[in-house]
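In the order they appear, the protein sequences are chains A and B. Note that this note's numbering has the first sequence beginning at 69, numbered continuously upward. Note that this note's numbering has the second sequence beginning at 69, numbered continuously upward. Ideal placement from N, C-alpha and C gives every residue a C-beta, glycine not left out. What you are looking at is a predicted structure, and each value in this text was computed from that prediction instead of being measured.
Protein chains: 2
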Amino acid sequence: MSYTESLQRFKKNSEKICAINYTESILHWDASTGAPRKGAPMRGESLGFLAMLNHEITINNEAATDLDTLLKNIDRLTDIEAKMVKKAKKEFDKLSKIPKEELREFQMLINKAQHSWEEAREKNDFSIFSPDLKEIIGYLRKFADYREPENHPYNVFLDDYEEGMTTDKLDKFFETLRERIVPLLKKITQSKVVIEKNFLDFDYPLETQRAMAPELLNILGFDLSRGMLKESTHPFTMGTNIDDVRLTSRYDKNNVISGLLSVAHEGGHALYEQNIDRALFNTTLATGTSLGIHESQSRIYENNIFKSQEFINYYYPELLKNYPEQLKNISASDFYKAINRVEPSFIRVDADELTYSLHIMVRYETEIALINGTLEVDDLPEFWNKKMEEYLGIVPPNNSMGVLQDVHWSHGLFGYFPTYALGSAYAAQFAYYMNREINLYDSIIKGDMEKPLKWLNEKIHKHGSLLSPDEISISSCNELLNPEYFCKYLEDKYNKIYQI
Amino acid sequence: MSYTESLQRFKKNSEKICAINYTESILHWDASTGAPRKGAPMRGESLGFLAMLNHEITINNEAATDLDTLLKNIDRLTDIEAKMVKKAKKEFDKLSKIPKEELREFQMLINKAQHSWEEAREKNDFSIFSPDLKEIIGYLRKFADYREPENHPYNVFLDDYEEGMTTDKLDKFFETLRERIVPLLKKITQSKVVIEKNFLDFDYPLETQRAMAPELLNILGFDLSRGMLKESTHPFTMGTNIDDVRLTSRYDKNNVISGLLSVAHEGGHALYEQNIDRALFNTTLATGTSLGIHESQSRIYENNIFKSQEFINYYYPELLKNYPEQLKNISASDFYKAINRVEPSFIRVDADELTYSLHIMVRYETEIALINGTLEVDDLPEFWNKKMEEYLGIVPPNNSMGVLQDVHWSHGLFGYFPTYALGSAYAAQFAYYMNREINLYDSIIKGDMEKPLKWLNEKIHKHGSLLSPDEISISSCNELLNPEYFCKYLEDKYNKIYQI
Chain A
69 MSYTESLQRF
79 KKNSEKICAI
89 NYTESILHWD
99 ASTGAPRKGA
109 PMRGESLGFL
119 AMLNHEITIN
129 NEAATDLDTL
139 LKNIDRLTDI
149 EAKMVKKAKK
159 EFDKLSKIPK
169 EELREFQMLI
179 NKAQHSWEEA
189 REKNDFSIFS
199 PDLKEIIGYL
209 RKFADYREPE
219 NHPYNVFLDD
229 YEEGMTTDKL
239 DKFFETLRER
249 IVPLLKKITQ
259 SKVVIEKNFL
269 DFDYPLETQR
279 AMAPELLNIL
289 GFDLSRGMLK
299 ESTHPFTMGT
309 NIDDVRLTSR
319 YDKNNVISGL
329 LSVAHEGGHA
339 LYEQNIDRAL
349 FNTTLATGTS
359 LGIHESQSRI
369 YENNIFKSQE
379 FINYYYPELL
389 KNYPEQLKNI
399 SASDFYKAIN
409 RVEPSFIRVD
419 ADELTYSLHI
429 MVRYETEIAL
439 INGTLEVDDL
449 PEFWNKKMEE
459 YLGIVPPNNS
469 MGVLQDVHWS
479 HGLFGYFPTY
489 ALGSAYAAQF
499 AYYMNREINL
509 YDSIIKGDME
519 KPLKWLNEKI
529 HKHGSLLSPD
539 EISISSCNEL
549 LNPEYFCKYL
559 EDKYNKIYQI
Chain B
69 MSYTESLQRF
79 KKNSEKICAI
89 NYTESILHWD
99 ASTGAPRKGA
109 PMRGESLGFL
119 AMLNHEITIN
129 NEAATDLDTL
139 LKNIDRLTDI
149 EAKMVKKAKK
159 EFDKLSKIPK
169 EELREFQMLI
179 NKAQHSWEEA
189 REKNDFSIFS
199 PDLKEIIGYL
209 RKFADYREPE
219 NHPYNVFLDD
229 YEEGMTTDKL
239 DKFFETLRER
249 IVPLLKKITQ
259 SKVVIEKNFL
269 DFDYPLETQR
279 AMAPELLNIL
289 GFDLSRGMLK
299 ESTHPFTMGT
309 NIDDVRLTSR
319 YDKNNVISGL
329 LSVAHEGGHA
339 LYEQNIDRAL
349 FNTTLATGTS
359 LGIHESQSRI
369 YENNIFKSQE
379 FINYYYPELL
389 KNYPEQLKNI
399 SASDFYKAIN
409 RVEPSFIRVD
419 ADELTYSLHI
429 MVRYETEIAL
439 INGTLEVDDL
449 PEFWNKKMEE
459 YLGIVPPNNS
469 MGVLQDVHWS
479 HGLFGYFPTY
489 ALGSAYAAQF
499 AYYMNREINL
509 YDSIIKGDME
519 KPLKWLNEKI
529 HKHGSLLSPD
539 EISISSCNEL
549 LNPEYFCKYL
559 EDKYNKIYQI
């Protein structure tokens, strides 16, 4: 097969995959934003067809030959083409090394596990879910062995979500976090400072919350003419393509801040997808490069920006204008402290910025132990509760509020949780360099959100998947991921709030 | 190729086509109900990919062999399989006889014609659109010749929309309508009866209109748990599958009735799609059998039911409750007359129930003359205006309100308009038989909408595309389409309203 023919066919197939991805995204968006639940079977048929089609286009002898030819001629390719080929090769190996029949069985197990997990959580009975979880772990070990028999199985999954990440690196990363965050949390819980936050839960009309959400997106710099904001039970972002990036939020009448934080968080994801270089349009690189880098963009907008004293100072008049009664006698500083109050709690998604990483640490250590076989599934709840006590100082009253709270494992997602913590750490590192280079917090307090957005566009967003996480880190910060920035950020922030 | 293998592969391909159809529907729905306009290019790429895929699955040597084998063994097939094969064969012939390159050129011409038509209508300049229209007609003639050289070209297109329909039949159909409706309209315009309708255009809050719409759907018997109602510029219905049927309406603050009529009209389409037999799920027969039969369901709900004195009597308290001020001193009878007032007007979509068919007649005669070549495109505006004067007694003040008002021709749709008139006639015929068998109007005045729905389910809806329009007519009315019912219905209704 000639190089030119291979390249042409490879690019044509990549465009087909983009069309399939786009189509799947719209179907999922539709399902999450109002489609009748009873219509699920036909949607299932169609998604199944699209998945099969994707597999057919990706895994066949012709595609294998094309990839071989192109990898041998990698120097003749443009940067974009070369990266597309490498990404496709990774996907090819991932899908072609596992026997098709086992992939199918695993898919069926996952479908079953959704239900057993839901039931287990609802009935607070771990034993309903544990048989499926055991099977899932068995399959994952086998799959990792098919794919990279010499590698640590957990590394295989990590690399799917965060290119180049390994357990060695993560062990060190979490060790630093443990050493710095656990003592900080102890000091905070012993602090005499009392932070009032009752007013956050007053009555905040949903209409007002819904009207403020797109305005906040606008302030952050999101172009709503190339995207849309809706509501869904679980907020999410969907970058169907650079000109159509969608996000959702949810609003709680008795919580002034949760809807806004969702908008800031998903807005960060959405700004990433919306500002990818047009040169990557309709290629497989037109999306964020990794889960960790993606999460860094949501965290930087949610935590480092929105929850900063500077942003609250700038934004508070807007809140006062909309909620004059509810926020009477509350200062911007009171508000800032209230939304940053630290309190160990059982549920990860409700955790504050400081304890969040500790929740991830519990999951990381649990996953490693399960994959290594040093922990049996049956002993999981006990292990979980011990870790919770060790890091957060609290023990869940039941498994629904403990080991059964997250959906991820029932989806077969192992190695996914750590990317949340990586995101927080990347966010702090980017914020640090941004502040050094363009005075981030000066801009924020003036409400100039264009400046930080431009920095992020230039350093991170525009590259899409063209650069790896490590390459992004080096090119924007001149160093690899370094948890020191995150720890320092947390210490500075909370030492001040809690007068430590 | 063995019969069993052919059948298996044919059914598998049919399911793929269902998945593609479903996916295309969701993409179109998404585009029409809020997706950012700027995202159109990627949607275009994806729809193009899906269309190509559909073509690949439908037109190939294997599919041709399968169709041959199955047609030879048609007696061994179930009714559903046999009809699916016949439908697929028709589609195969339609697509395979026209050279692919010409189909592509035509598609490009159509895309161009959208814009030239829009511009022509906006600038009120027919000459902007006429070159494209000439080309479109040229292609249509050629395509008809490729497909069925012995048939009248217009018959070829008619049959695409209304199986079994011919110009001979339509000529007679419209002759009856002309002979009965034109004199009736003359009598009405000469009638001394004055119908007051100013109150229809008072201020009717959009919130109330939006709240009443799903309630009306509910009254008509639409199951909203297996569908959804939204808003769009042009109301439409989309039956993605039996468990997810979607419709839209639009609301006008200064028109109490247009939104409700849209809901009743689209609701009729939606009830058809929602009540197709489950045995047809995920087959190519799970949709209405023809445009004319489909339109009969929208017309019967909009005109024969909603706009009847009986339904207004039943529904009027609901209107009074919601609009006590606006409808003060207006009786149900006043309301009924107001929404049924006849007035010749220029725009088809705004026409009343009586003059509507005359608008269609103008289009039918125009299309026939264009396709036959007895009318040149350049003479079209004059022809149109003359016909308007002849049938409706009015001449459009300009081409935008005349020959340029409809989008259809720019889409290459010839032979489509007549199905609107067929729909009205079928509706009247079905209503007649329904009334004879189950006392339709007695049910309506009592608000029992389940009874007529059940009749329509049994006679029409459940069959999907399993029966042809003629078969539907015979099995439900024991006779073929007969415009007498429609003419009699109009005469009875308007003679009474206008005291003729």
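- [ ] Give the C-beta separation of A:Asn-503 and A:Tyr-509 to the nearest angstrom, bearing in mind that I take them to be a contact with Cβ-Cβ under 8 Å.
- [x] The residue labelled residue 503 of chain A in the question sits at position 435 within the first sequence. The residue labelled residue 509 of chain A in the question sits at position 441 within the first sequence. 6 Å between Cβ atoms; contact.
TODO: Could you tell me whether the Cβ atoms of B:Thr-487 and B:Glu-149 are closer together than 7 Å?
DONE: Start at 1 with the first residue of the second sequence, and residue 487 of chain B comes out as number 419. Start at 1 with the first residue of the second sequence, and residue 149 of chain B comes out as number 81. Not in contact: B:Thr-487 and B:Glu-149 (Cβ atoms no closer than 7 Å).
TODO: Taking A:Met-502 as part of the alpha helix (DSSP H), name the residues at either end of that continuous run.
DONE: Here residue 502 of chain A corresponds to residue number 434 of the first sequence, with the count starting at 1. 486-506 is the span of the alpha helix (DSSP H), which, as asked, contains A:Met-502.
Open item on the list: Please state the DSSP three-state secondary structure of A:Arg-215.
Closed with: The residue given as residue 215 of chain A occupies position 147 in the first sequence. Helix at A:Arg-215.
Open item on the list: Mapping the DSSP letters down to three states, classify B:Val-313 as helix, strand or coil.
Closed with: Here residue 313 of chain B refers to the residue found at position 245 when the second sequence is read from its first residue. In the structure shown, B:Val-313 sits in a strand (DSSP, three-state: E or B).
Task: Residues that DSSP places opposite A:Met-176 in a beta bridge - done: Taking the first sequence and counting its residues from 1, the one referred to as residue 176 of chain A is at position 108. DSSP, once it has assigned bridges, lists no residue as partnering A:Met-176.
Open item on the list: Ignoring anything shorter than 3 residues, give me the beta strand (DSSP E) runs that lie fully in the stretch 377-422 of chain A, in order along the chain.
Closed with: none
Open item on the list: Against A:Tyr-90, what residues of chain B qualify as contacts under a CB-to-CB distance less than 8 Å, listed in chain order?
Closed with: As a position in the first sequence, residue 90 of chain A is number 22, starting the count at 1. Met-110, Arg-111, Glu-113, Ser-114, listed in chain order.
- [ ] Determine the closest residue to A:Ile-127 out of A:Asn-89, A:Asn-141, A:Pro-167, A:Ser-100, with distance taken between C-alpha atoms.
- [x] Here the question's residue 127 of chain A lines up with position 59 in the first sequence. Of the candidates A:Asn-89, A:Asn-141, A:Pro-167, A:Ser-100, the one whose C-alpha sits nearest the C-alpha of A:Ile-127 is A:Pro-167.
Open item on the list: Which residue marks the beginning of the alpha helix (DSSP H) containing B:Gly-295, and which one marks its end?
Closed with: For the purposes of this step, residue 295 of chain B is taken as residue 227 along the second sequence, with counting starting at 1. From DSSP, B:Gly-295 is part of no alpha helix (DSSP H) but of the beta strand (DSSP E) over 295-299.
Task: Chain-order list of residues whose beta-carbon lies under 8 Å from that of A:Thr-357 (same chain, five-residue window excluded) - done: By 1-based counting over the first sequence, the position of residue 357 of chain A is 289. Hits under 8 Å: Glu-231, His-531, Gly-532, Ser-533, Leu-534, Leu-535, Ser-536, Pro-537, Ile-540.
Open item on the list: Comparing C-alpha positions only, which one of A:Leu-422, A:Tyr-71, A:Gly-360, A:Asp-311 sits nearest to A:Leu-226?
Closed with: Here residue 226 of chain A refers to the residue found at position 158 when the first sequence is read from its first residue. Considering only alpha carbons, the answer is A:Gly-360.
Task: Where B:Ser-511 falls, given that 16 or more other Cβ within 10 Å makes a residue buried - done: By one-based count along the second sequence, residue 511 of chain B stands at place 443. With 16 or more other Cβ atoms within 10 Å, it is buried.
Task: chain A contact for B:Ile-344 (CB, 7 Å cutoff) - done: The residue you call residue 344 of chain B lines up with position 276 of the second sequence. Chain A contact via Cβ: absent.
Task: Any C-beta of chain B under 7 Å from that of A:Pro-282 - done: In the first sequence, the residue the question calls residue 282 of chain A occupies position 214. Not an interface residue.
Task: Cβ-Cβ separation, A:Thr-101 to A:Ser-300 (assumed contact under 8 Å), whole Å - done: As a working note, residue 300 of chain A is residue 232 in the first sequence. As a working note, residue 101 of chain A is residue 33 in the first sequence. Right, their Cβ atoms sit about 6 Å apart.
Task: Buried or exposed by the 16-neighbour rule on C-beta atoms within 10 Å, applied to A:Ser-82 - done: In the first sequence, counting from the first residue as 1, residue 82 of chain A sits at position 14. Buried, by the Cβ-count rule.
Open item on the list: For the stretch 236-250 of chain B against the stretch 291-298 of chain B, do three or more pairs of beta-carbon atoms, one drawn from each stretch, fall closer than 8 Å, so that the two count as touching?
Closed with: Not touching, per the Cβ criterion.
Task: Contacting positions in the stretch 447-461 of chain B - beta carbon closer than 8 Å to chain A - done: none
Open item on the list: So the candidates are A:Arg-189, A:Lys-202, A:Ala-131, A:Pro-385; which of them puts its Cα closest to the Cα of A:Glu-159?
Closed with: Residue mapping note: residue 159 of chain A aligns to position 91 of the first sequence, counting from 1. It is A:Ala-131.
Task: Interface flag, B:Ile-361 vs chain A, CB-CB below 7 Å - done: Counting from 1 along the second sequence, the entry for residue 361 of chain B is found at position 293. No - not a single Cβ of chain A is within 7 Å of the one on B:Ile-361.
Open item on the list: Checking the sheet assignment: what are the DSSP bridge partners for B:Met-306?
Closed with: The residue given as residue 306 of chain B occupies position 238 in the second sequence. In DSSP, B:Met-306 forms a bridge with B:Arg-314.
TODO: Report buried or exposed for A:His-362, applying the criterion of at least 16 other Cβ atoms within 10 angstroms of its Cβ.
DONE: The residue given as residue 362 of chain A occupies position 294 in the first sequence. Flag for A:His-362 reads buried.
Task: Candidates A:Asn-453, A:Thr-257, A:Ser-74, of which the one nearest A:Thr-133 by Cα - done: Translated into positions along the first sequence, residue 133 of chain A becomes position 65. Here the closest residue by C-alpha is A:Ser-74.
- [ ] Can you tell me the Cβ-Cβ gap for B:Phe-197 and B:Ser-184, rounded? I've got them flagged as a contact below 8 Å.
- [x] Against the second sequence, residue 197 of chain B aligns to sequence position 129. Against the second sequence, residue 184 of chain B aligns to sequence position 116. 5 Å between Cβ atoms; contact.
- [ ] Answer with yes or no whether the minimum CB distance from A:Gly-307 to chain B is below 7 Å.
- [x] Within the first sequence, the letter at position 239 stands for residue 307 of chain A. Cβ-Cβ to chain B under 7 Å: no for A:Gly-307.
- [ ] Closer than 8 Å by beta-carbon distance: list the chain B residues that pair up with A:Lys-106, in chain order.
- [x] Looking up residue 106 of chain A in the first sequence gives position 38. Neighbours of A:Lys-106 on chain B, chain order: Ser-293, Arg-294, Asp-311, Asp-312.
Open item on the list: Looking at the strands, I want to know which residues DSSP matches up with B:Asp-320.
Closed with: Along the second sequence, read from residue 1 onward, the residue named residue 320 of chain B stands at position 252. B:Asp-320 pairs with B:Asn-323.
Open item on the list: Once DSSP output is grouped into helix, strand and coil, what is the label at B:Ile-428?
Closed with: As a first step, residue 428 of chain B must be located in the second sequence, where it is residue number 360. If DSSP states are grouped into helix, strand and coil, B:Ile-428 belongs with the helices.
Open item on the list: At the level of alpha carbons, what is the spacing between B:Gly-515 and B:Ile-380?
Closed with: Stepping through the second sequence from its first residue, residue 515 of chain B is reached at position 447. Stepping through the second sequence from its first residue, residue 380 of chain B is reached at position 312. Taking the straight line from one Cα to the other gives about 10 Å.
Open item on the list: According to DSSP, is A:Tyr-459 part of a helix, a strand, or is it coil?
Closed with: Position 391 of the first sequence, counted from the start, is the residue given in the question as residue 459 of chain A. Helix, per DSSP.
Task: Spatial neighbours of A:Asn-223 in its chain, beta-carbon cut-off 7 Å, leaving aside the 5 residues before and after - done: Against the first sequence, residue 223 of chain A aligns to sequence position 155. Closer than 7 Å at the Cβ level, and outside the excluded window around A:Asn-223, lie Thr-234, Thr-235.
Open item on the list: Can you find the residues in the same chain that come closer than 7 Å, C-beta to C-beta, to B:Ala-419, ignoring five residues on each side of it along the sequence?
Closed with: By 1-based counting over the second sequence, the position of residue 419 of chain B is 351. Closer than 7 Å at the Cβ level, and outside the excluded window around B:Ala-419, lie Ser-413, His-427.
Open item on the list: Would B:Ser-93 and B:Met-296 qualify as a contact pair, given that the criterion is a beta-carbon distance under 7 Å?
Closed with: Translated into positions along the second sequence, residue 93 of chain B becomes position 25. Translated into positions along the second sequence, residue 296 of chain B becomes position 228. Going by C-beta atoms, B:Ser-93 is not nearer than 7 Å to B:Met-296.
- [ ] Would you mind stating whether B:Leu-208 and B:Phe-485 have Cβ atoms separated by less than 7 Å?
- [x] In the second sequence, residue 208 of chain B corresponds to position 140, counting from 1. In the second sequence, residue 485 of chain B corresponds to position 417, counting from 1. It is not a contact, given that the beta carbons lie outside the stated cut-off.
TODO: Would you verify that the beta carbon of A:Ala-400 is, or is not, closer than 7 Å to some beta carbon of chain B?
DONE: Locating residue 400 of chain A in the first sequence gives position 332, counting from the first residue. A:Ala-400 does not count as touching chain B.
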